[in-house]
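Just so you know, the sequences run in chain order B, X and U.
Under our numbering, the first residue of the first sequence carries the number 982, and numbering increases by one thereafter.
Under our numbering, the first residue of the second sequence carries the number 366, and numbering increases by one thereafter.
Under our numbering, the first residue of the third sequence carries the number 6, and numbering increases by one thereafter.
A short write-up of the structure that comes next.
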Amino acid sequence: MSTEGQDAARLAELRQKFGREPLPPREGEAEQSPRDAQPRFRGLESGHRACQGCGEALAARLVMECAGPDVMIANATGCLEVFTTAWPQSAWRVPWVHSLFENAAAVASGMEAAMKAKGRNTKVLAFGGDGGTYDIGFQALSGMLERYHNVLYVCFDNEAYMNTGIQRSSSTPHAATTTTSPAGKERMGKRHLKKDLLSIIAAHHIPFAASASVAYAADLQRKVRYAMGVDGPTFLVVHSPCPLGWRHASAMTIEVARRAVECGLFPLVEIERGAVTNVMPIRDVRPVTDYLSLQGRFAHLMKDADSRAAEERAHLQALADYNIEVFGLRGDSPDAADTTGTAVVGRSGRPAGRI
Amino acid sequence: MTVLTRGAYAGPGTSLDFKTGNWRSTEKPAHIHAKAPCHAACPAGEDQQAWFAKLQEGHAEDAWRELVSANPLPAITGRVCPHPCETACNRVAVEGALAIHNVERWLGDEAMRRNWAYPVTEPAEDAPDVAIVGAGPGGVSAAYHCLRHGLRATLYETAPEAGGLLRSAIPRTRLPRETIDAELARVLGLPGITLHTRARLGRDVTIDELKRKHAAVLLAPGCQEGKEWSVDGAVPADLHEGLHLLKEFMDHGAVPEAKNVIVHGGGNTAMDLCRIMKRSGAETVTLITASVLPGPDADPSDVINVVPRELEEALEEGVEVIEHATINRLIMKGSQVCGAEIQSLRKLPGQDGRSRRVGFEGTERVINVDMVIPCIGERVDPEGLNGLVDHGYLRPSDRFGRLAEERVLALGDARGDRGTVADAIGDGRLAVSAVAAQLAGESDPPADARGEMPSGGLNLGYYEGISRAVAPKLAVADRTFDKEIEGDIGRAAVMAEAERCMACGNCLACDNCWTFCPDNAVIKTEELAVDGSHYLFDMDFCKGCGICAHECPTGFIQMLPEEAGG
Amino acid sequence: MLEALEGSQAIARAVALCRPDVVAAYPITPQTHIVEALSRLVAQGDMKTEFVSVESEFSAASVVLGAAAAGTRAYTATASQGVLLMAEVLFNIAGLRVPLVMTVANRAVSAPLSIWNDHSDSMAVRDSGWIQLHCADNQEAVDTTIQAFRITQETELPVMVCMDGFVLTHTFEPIDLPTQDAIDGWLPPLEFSRKLDPGDPKSLGTLVSPDFFAEVRHSHHAAMTKALSVIGEVDEAWSALTGRSCGGLLEVSGDPAARIGILAMGSTCGTIQTGMEHAAGEVGSARLIKLRAFRPFPADALRAACEGLDHLIVIDRAISPGLGGVVGTEVAATLADVPGAPRIHNHALGLGGRDIPETIYADLMATVTDPDSPAFSVFDADMEKLDPEDR
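Rendered as structure tokens:
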């Protein structure tokens, strides 16, 4: 008899002795659908009205999966709020409140104070777009961080006011066109730089502030899990492409986000107590044009005949190079989890190269 | 009537009432199970991708079982096959093809070490019995596939033992005797297979007799006769035809002495003889081939058809190659050859569009030789074949090998257009599938019409650079006539190599589609879905953005026009 | 037991008695003493509450919104510019129908800068959907504050308790503070049915299409109308506990037979009362109407209170430039369809902290008989102080 046979026989014996028949569905309870049986928490459910290929919807879903059910959310006005909660429907499966554009951090502060007063551990999250975070909600966010509320603030950064139809924000990258920073004879898109929000947040000396990208889901979720475990204010900015606003094909959302990281324009860094503690090094650095050329908002930079275009391309390349140098992003670590290789896949979701 | 809630609050997950599936305009995602290029290229019909998948799951025995569902002789093919699978491998676009043959060899050896059981059962006592003439790799494969179809098999072999050209034409440095003996014994020992040795067709048995006694007759006699070779009428008295010389060497372990040797041809026999002559002490051994050595500018259809590593080793050992050339005439001193005139040629398209080789005037040169070995191929010995041989070969009318005579099929080298062990093994499998279908009153098994997944259909960003496993090899100085040159890469390297498989066109179960769907419209299932994946598209909510298709590493998800079925 | 307390201290003590879970506030004159007093109570451990020192009134309102949505009892206080900075959140709080109590220490609104009292701030958010209750003195402010917590729980409408800045907040009065036990027994625990709860996750603050927006607003108006009776009932219940009433929606005093009435909100009521006590002999007595509930507006009670009057003087502590007095206009509208309704004399008084002397009573009474008296005036404005072009 082979050892396998012995194992099988022993297993059968144990099942006979200790095994239980699976319980039938309880009365009145429908059999579980495949959707209900998903091995992850569906904090953000289907049926929301985000555009095709929405990076923000994806980012929020990824955050919710690892934030789990014992949370409550304060959501700033913006696409995410609008497309998830068209009354009488809601795509959320957690307690969720939308108040205003600029007060998500303050509402979250109040919710957290309430949980503290009640002696509960329910973690409070605040969600905002770049408009609600970099710009109009910045003061409330700063106050929340300073008061050290136990809140994870997630900024879904799609680099413009998308909900109102693509107007520039302080997060819009240099030279990108929006409806309020169009390109023309006198202008090459946005004149100013993307605000370095993460450094400002980090200057609050909070326990954890990090940037993440929808293209690196495992990395993003690791950061969320880490932040969930911190008792204090934490901040995450998630690069979330907007196919409509950035003018790229809806299927290219992840590709665009990936290239933003790979060219150095959107560095993935972790900052604890003001100090950079981790970065995601880039294995093979791409030229910024690989990133720009996929997007209509940079189309005016791709005109070879225009010398200003070449200058702006060079400027953006210099900005990417600056990030790579300042954060030390060039890396060739063999550890897949430590580099852009974190996106590597393997059979059954397991990263390749490790058994 | 919907009634307003106080403050207009909404219940959890109620958005499921809002079916966003009707937002899709032109395209929808679908699982398209394309052929991996290794599978498409394999003459034996192996699905390498499928057995690499089992290895990736850590199940070596399952991988071997998957492998032997097509090819019962992996220890042998892992050593001798020119592995077109590796040539086709999409991993070339990352950092080099998978070392498929090394892994195949390890699985074959491991199966013998651990005595893994072939996934077949003994056919019923009264099951139809198929006669197979020739117990070379094709015949053995056919016998084995008979068992898989519930048929019995009886092999008739002229030689005293099974193996055919594995024994007669492949040097031990490539294929040790022990491997042949062990692997063949395991297959031939399976209940349901009977082997008659020293049974020569035409002398001991006849096709008519076999047809009477058996459900079908499969002819796998191989090619035993050297083709006539002459150069402008000059034939040296001591002409050594390649295959016969090789057989001689295999039987006696020695070859005639020579100083300067020319081998004419472009196959594995030519390559083996070059190396044997060199190792026997010839000062120069030159291969004259009309083909070209592999290289970036080489036309794939013109590349010399040998196992790539054999060529590499031959060059290491000092064999010289004159490519794109032929022998115009021999220069004789009496009946002995003393020189050969070589001329450059190229394969060029002619007026009728078909390629032919054109010699170039003015490129003739003479080299001094004292031995010329033609290796230009062999043909079928027509004895006992009832006149089925047509211009040197058995030429079947279909891919299953059917010949003009009812219930008689041909397979392997005898078909004339084959040339590798893997071809013969694949022929055996196909021929038996047709016989089995016919016996069951069914029509022929359909050909696999699936498309092949090109590297452009993959998302290579998801594959990490892992360098190819390097097999240990005897140093040139240590190479003898007996010792196997290429070694075993070992279990660890096999498992690491498995991780390099990109699962082209097949679901990797990597979760990317499930992870990246912004609309939660990909449902993961515990059970294997009918299409071989663990995922379902919830078309009630899929908006058709196409992210899943773009981010599918293997090309298994593709966007199809909305009106298409499936 | 009576204690001599500054108005702000008294409010802080009253709030503490209601055991709010979360207090958030940003300092602004003349509300400062309230939050300072609350901070001290928290610092000394006399009050168990999460005190959130925010960086703006906008966040103060947002924090208490969040706390209330999460199902806890929350409180804030502000004044003047603070009310205006909160404005967007105040509308939002009301629309979400979360229970909240806020004290407004009424103060003028800049520019020009004035730290002194009038009602411009709370008038500016008149239409936000909050209940607005005005307090005539500090005892009433204490009692109304405690009542407000019960009103907001019963109605799920936020309550703004308005008290005149400085005049009340910085004035010492003898105050009777109920005992903690009495309040614990009188004010039931907060059970907010729509609270944010992982066990029953609801989404608050949705997007509502035109198909339902009218219904949202109607239901809010209906809730405010129903709150009229709740305000009265709670005051009665309070009276049963303490023996004191704040007058429900409005309180009528003075000479019931008088043909002239004077209507005011807040501390002005006391000034008029005293003025009348001194000058009634010379200029006659009046019926005094103290309007406590400005929102919801007690139309029926007002009509009843005005029965038999020939003249009604309405004092506004704010001005709607280009229209006149807000209270006066609303009172006139309320009485417009009443047969034999009194003639309305609407005067803005005491803007930006201008002192209202007791003698104002006689001056106001004189306008009734003056045929040239305008329907509206900034009564205490001295034209001599203005360039003729600006008069």
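Using N, Cα and C, we set each Cβ at its ideal position, and we do this for glycine too.
For U/Phe96, no chain X residue has a C-beta closer than 9 Å to its own C-beta; the minimum C-beta separation is roughly 13 Å.
Residue contact with chain X for B/Gln1120: absent (no Cβ-Cβ distance below 8 Å to any residue of chain X). The C-beta distance from U/Val103 to U/Pro163 rounds to 7 Å, short enough to meet the 8 Å contact threshold. Rounded to the nearest whole angstrom, the CA to CA distance from X/Ile831 to B/Cys1047 is 30 Å. One thing to note: B/Gly1312 has its Cβ within 8 Å of the Cβ of B/Ile1263.
In this structure B/His1130 is buried. Its beta-carbon is surrounded by 16 or more other beta-carbon atoms within 10 angstroms.
Contact with chain X is absent for U/Leu105, since none of that chain's Cβ atoms lies less than 8 Å from the residue's Cβ. Taken through DSSP and simplified to helix, strand or coil, U/Lys295 comes out as strand.
Judged by DSSP secondary structure, U/Thr247 falls within the alpha helix (DSSP H) whose first and last residues are 215-247. Distance from the CA of X/Glu748 to the CA of X/Leu560, rounded to the nearest whole angstrom, comes to 21 Å.
Residues of the stretch 822-834 of chain X with a Cβ closer than 9 Å to any Cβ of chain B, in chain order: Asn824, Gly826, Tyr827, Tyr828, Glu829, Gly830, Ile831. Put simply, the stretch 394-407 of chain X touches the stretch 911-927 of chain X. At least three CB pairs are less than 8 Å apart.
Shown here, X/Leu520 sits in a strand according to DSSP, grouped into three states.
Near chain X, meaning a CB-to-CB distance below 7 Å, no residue of the stretch 1048-1062 of chain B qualifies. Annotation: X/Pro536 is outside any alpha helix (DSSP H) and is labelled neither H nor E by DSSP. Taking the C-beta atoms as reference points, U/Val106 is found no nearer than 8 Å to U/Phe63. By DSSP's assignment, X/Pro926 forms a beta bridge with X/Glu392. Within the model, the alpha-carbon separation for U/Ala82 versus B/Gly1124 is close to 18 Å. B/Val1132 is outside the set of residues whose beta carbon lies under 8 Å from a beta carbon in chain U.
Among the residues of chain B, those whose CB is under 7 Å from the CB of X/Leu381 are Glu1026, Ser1027, Gly1028, following chain order.
Membership of U/Tyr366 in the alpha helix (DSSP H) is indicated by the continuous run 365-374. Here X/Cys446 is near X/Thr785, since their CB atoms are less than 8 Å apart. X/Ile627 is bridged by DSSP to X/Thr651, X/Val737. When B/Ala1183, B/Glu1140, B/Asp1177 are compared, the shortest CA-CA separation from B/Ser1162 is found for B/Glu1140. Proximity of B/Gln1019 to chain X, defined by a Cβ-Cβ separation below 8 Å, is satisfied.
In the structure shown, B/Ile1182 falls within a helical segment according to DSSP collapsed to helix, strand and coil.
The Cβ atoms of X/Ala679 and X/Cys740 do not sit closer than 8 Å to each other.
The stretch 1229-1244 of chain B and the stretch 1174-1189 of chain B do not touch, with fewer than 3 CB-CB distances between them shorter than 8 Å. Chain X places a beta carbon closer than 8 Å to that of U/Ser224, counting this residue as a contact. Secondary structure at X/Pro714: strand, using DSSP grouped into helix, strand and coil.
If you check the CB distance, B/Asp1111 and B/Asp1138 come in under 8 Å. Where X/Asn877 is concerned, the enclosing alpha helix (DSSP H) starts and stops at 877-881.
With three or more CB-CB distances shorter than 8 Å, the stretch 267-283 of chain U counts as touching the stretch 363-376 of chain U. Per DSSP, the continuous alpha helix (DSSP H) segment holding X/Lys576 begins and ends at 572-578. Remark: three or more beta-carbon pairs, one from each stretch, lie closer than 8 Å, so the stretch 781-798 of chain X and the stretch 507-521 of chain X are flagged as touching.
When DSSP reads this structure, B/Asn1056 sits in a beta bridge with B/His1079, B/Phe1108.
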